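Undergrad: Numbering (the working numbering), first residue to last: 742 to 1059. Where is the CB? At the ideal position from N, CA and C, for every residue including glycine. From a predicted model like this one, the values you see are computed outputs, not experimental measurements. Just passing along the structure, written as structure tokens.
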Amino acid sequence: MYVSDQKTTNTLAVLVLVIGPWLGVSMQVWGWMLDILLLIALLWVGRSVGGQGLRYGMVFLISGYGLALLFNGVSSIQYFSFVPWAALVTLWGMGANIPQRALVFWSLVAAGILGVLPTLAMLMQGIPQESIQNFVQNMMDQYRQAGLLETLKTQGISELELQSLFEQIVNTLIMLIPGLVAITALAKWGAVYYTFMRWIPIPGREYRPFTEWRLPWYAIWGMNFAIVSYLIGDQFQWLAIKSIGMNLMLVYGVVAFVLGSALFVSLLKKPWISGFLKFILLFSSFLYIQVTAMVLIIMGLLDLVLDFRHMPIRKKEE
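Written out as structure tokens, the structure reads:
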């Protein structure tokens, strides 16, 4: 009997969903690659069966995680990554004919939350202070061996001040771990979804080029919530609330930077911008990269509400 490429690919996608989690836990190789493979397999199954994609995808994904728990025990849940489950939100949105921008936004929200869950469980257990002190001490030793410590002393910076600075940096980085993990989860889902839209078309979903990337207007409320959380947490010294605000602002900063870059590229393609002006803008952007990054973030956030691409341009009256 002839086996088509479509049937072979579908079978392979189902095997990835069912066996992938078990292999990832058993061989302790669960990482970026397995998350991306599971996302691809889940979207492929949803694409193949059409309106029943959410049902089939959920069954196969639950079976895969269930096998991992069955053969490796409940303790293996600490090795799980739940980012692939965000594709279920994507399949639901496709079945419900959710608009493209809303589908992308809610899928990104799901990917970020699901990606952070294991990290939050780890942080709630607490990081031993001894580990932080050892890390800081290693940094101090490296500065001492490189001779940088003596150079800093000549500039009026004592060893205790430098150690205190390193401790603040490490504690801040630990506080921002959830945001960094959420950004990686968003990148995984975004890369897979873009691949499907670009090279593996999904019926009923139109590919949009980079210059048209934009989220729905209500996405700005996430940034508003982040700013309010940070200000309230900082005012009343509520560390948990402040941490939520900081991590949300970090995630929104990265997303807004991407959206601002898309807007900037679309503006460069406008016919009324001359080639010389394009050169000046690009050269200035790379020359003052820090200022450019802030401007792009602000542009990306404002574009959520103002939609610069479709703002009318008044012509000069003759």
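Who are the Cβ neighbours of Thr752 in its own chain at under 7 Å, not counting the five residues just before and after it?
TA: none
Undergrad: Is the region 865-882 touching the region 904-911, taking contact as three or more C-beta pairs under 8 Å?
TA: Between the region 865-882 and the region 904-911 there are three or more inter-stretch CB-CB distances shorter than 8 Å, so the stretches are counted as touching.
Undergrad: By how many angstroms is the C-alpha of Arg842 removed from the C-alpha of Met742?
TA: Low per-residue confidence applies at Met742: pLDDT is 36, beneath 50, and the placement is therefore not dependable, though the value from the model is reported in the following sentence. Going from the Cα of Met742 to the Cα of Arg842 covers about 43 Å.
Undergrad: Going by Cα to Cα distance, which pick from Arg1050, Leu779, Trp958, Phe1049 is closest to Gly798?
TA: Leu779
Undergrad: Which residues mark the beginning and the end of the alpha helix (DSSP H) in which Ser984 is found?
TA: 980-1009
Undergrad: Measuring alpha carbon to alpha carbon, tell me which of Arg796, Ser804, Asn813, Pro942 ends up nearest Met768.
TA: For Met768, the closest alpha carbon among the candidates Arg796, Ser804, Asn813, Pro942 is that of Asn813.
Undergrad: Can you have a look at Ile781 and say buried or exposed, based on whether 16 or more other CB atoms are within 10 angstroms of its CB?
TA: buried
Undergrad: Rounded to whole angstroms, what is the Cα-Cα separation between Ala851 and Tyr806?
TA: Roughly 18 Å between the two C-alpha positions.
Undergrad: Can you tell me whether Arg946 is helix, strand or coil according to DSSP?
TA: coil
Undergrad: Quick one: measure Cβ to Cβ for Ser822 and Asp776, integer angstroms, because I've assumed they're closer than 8 Å.
TA: 5 Å
Undergrad: Can you grab the Cα-Cα spacing for the pair Ser899 / Leu893, in whole Å?
TA: Each residue's alpha carbon lies about 7 Å from the other.
Undergrad: Is the region 992-1000 touching the region 923-936 in the sense that three or more CB pairs, one from each, lie closer than 8 Å?
TA: yes
Undergrad: State the DSSP-derived secondary structure class of Gln819, mapped to helix, strand or coil.
TA: If DSSP states are grouped into helix, strand and coil, Gln819 belongs with the helices.
Undergrad: Under a three-way DSSP split, which group does Arg955 fall into?
TA: coil
Undergrad: Quick one: measure Cβ to Cβ for Lys1010 and Thr952, integer angstroms, because I've assumed they're closer than 8 Å.
TA: Sure, about 7 Å apart at Cβ, within 8 Å.
Undergrad: Would you say Met938 and Arg949 are within 9 Å of each other, going by their C-beta atoms?
TA: yes
Undergrad: Would you tell me roughly how many angstroms separate the C-alpha atoms of Ala923 and Phe1024, rounded to the nearest one?
TA: A straight line joining the alpha-carbon of Ala923 with that of Phe1024 spans about 32 Å.
Undergrad: So which of Tyr934, Gly931, Val877 has the shortest CA-CA distance to Val911?
TA: Val877
Undergrad: For the alpha helix (DSSP H) containing Leu917, list its first residue and its last residue.
TA: Taken as a continuous stretch (DSSP letters only), Leu917 belongs to no alpha helix (DSSP H), as it is neither H nor E.
Undergrad: Using CA coordinates, which residue listed in Ala828, Asp1044, Arg1050 is at the minimum distance from Pro957?
TA: Asp1044
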